[in-house]
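Worksheet: the structure to be examined is printed underneath.
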C-alpha cells in the first residue's frame, strides 16, 4: 500500500502531464479521471512492473494492435491480471499490456484511445467525472464491478477536479439552475466541485444536494456576505465563479 508521501508525490508527478496532454484537444476526457485511473492501476506508482514499462494505465495491446495515435511504439510486457466477467467472480489471466518510452506517452495514448474508439464516445467532452468514468468503464475499459466507485473515491479524496480547468471544466460563468436541498444532477456536481476546490468539507461528490452540501453552501454564503439560506441562486453562483 502506498504511503501518504508516495500518493502526494505520484499525483504531483502525473497531474501536470495529464493536464498538458488534455489541453487543446477538441475531443478531451477529464484529467481528474485520468489521474485517478493512473493512481488506481499503478498503485500510486508503486507497481514495479508497470513503472518499469512506464505503463501507469493498464491499456492492453489487443489482438489487432491498433495505434490510436503515435505515442505507442509497439512495446509490450506480459503480466497477470484479474478480470470479473460475470459481475461477481474474479479470475486470474495473463495478458499483454502496452509499454511506453515515457509516462507522457502512456497518458497521450490513453487520451488518443478514448477519442478514437466509438465505444468510449460518451466520455468525450463530458464535464462530470462520474459520468465520464461510467462511460469509460461501460465502454469496456475495466471489468471490476467496483471500478467506478474506486475511481470516484480517489478523485474526491484527493480533490482531483482541481486539474480539470485546462479543458474548461469547473467553476465558470455558465448559467446554472437555482438548486437547493434535495436537488440532484450536473449542477449539483458543479456546485460540489466548486466548494471542494475552495476547501469546504462536504463528503463525496455524488450529485446529490444533501445535508453536508447544504451546510457547506451556508458556510460559503456566510463568509461571502450572502443571504445564508442554503439555496444556490444567481448571487451564490456568481460568488462561486
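Numbering (my numbering), first residue to last: 8 to 248. C-beta: ideal position from N, C-alpha, C; glycine also. Bear in mind that the values here come from a model prediction, so they are computed numbers and not experimental data.
Cβ neighbours of residue i in the same chain (closer than 6 Å, five flanking residues each side left out)
i, result
"residue 180", "Low confidence applies here, because residue 180 scores a pLDDT of 45, under 50, leaving its location unreliable; read the following figure in that light. Excluding residues within five positions, the ones whose Cβ falls inside 6 Å are 248."
"residue 22", "42, 170"
"residue 51", "9, 13, 14, 17"
"residue 46", "161"
"residue 244", "183"
"residue 38", "25, 26, 29, 170, 171"
Residue i in three-state terms, based on DSSP
i, result
"residue 235", "coil"
"residue 114", "helix"
"residue 215", "strand"
"residue 120", "helix"
"residue 222", "helix"
"residue 203", "helix"
"residue 247", "helix"
"residue 249", "Not covered by the structure: residue 249. The range shown for the chain is 8 to 248."
"residue 208", "coil"
"residue 229", "helix"
"residue 9", "coil"
"residue 20", "helix"
Among the options, nearest to residue i - alpha-carbon criterion
i, options, result
"residue 150", "104, 57, 97, 184", "97"
"residue 34", "108, 213, 121", "121"
"residue 93", "57, 153, 119, 45", "153"
"residue 110", "40, 24, 101", "24"
"residue 237", "69, 245, 228", "228"
"residue 117", "143, 101, 95", "143"
"residue 204", "188, 192, 168, 175", "168"
"residue 147", "32, 90, 30", "90"
"residue 99", "112, 39, 87", "87"
"residue 11", "53, 199, 59, 235", "53"
"residue 246", "201, 210, 176", "201"
"residue 70", "83, 58, 59, 78", "83"
"residue 192", "131, 212, 66, 173", "212"
"residue 80", "108, 145, 95", "108"
"residue 32", "61, 123, 49", "123"
"residue 175", "133, 57, 49, 141", "133"
Cβ-based neighbour list, residue i, same chain, cut-off 8 Å, excluding 5 preceding and 5 following
i, result
"residue 3", "Missing from the structure shown is residue 3; the chain here goes from 8 to 248 and no further."
"residue 208", "219, 223"
"residue 157", "47, 151"
"residue 85", "101, 102, 103, 104"
"residue 67", "102, 103, 104, 105"
"residue 95", "152"
Contacts around residue i, its chain only, beta-carbon distance under 7 Å, and the 5 residues preceding and following it disregarded
i, result
"residue 44", "64, 158"
Which ranges would you report for the beta strand (DSSP E) in the stretch 24 to 108 if only whole runs of at least 3 residues count?
83 to 91, 97 to 105
Just to confirm the assignment: which complete alpha helix (DSSP H) runs, minimum length 4, are found wholly within the stretch 124 to 200?
136 to 143, 154 to 164
Would the stretch 158 to 171 and the stretch 131 to 140 be scored as touching if the rule is three or more Cβ pairs under 8 Å?
yes
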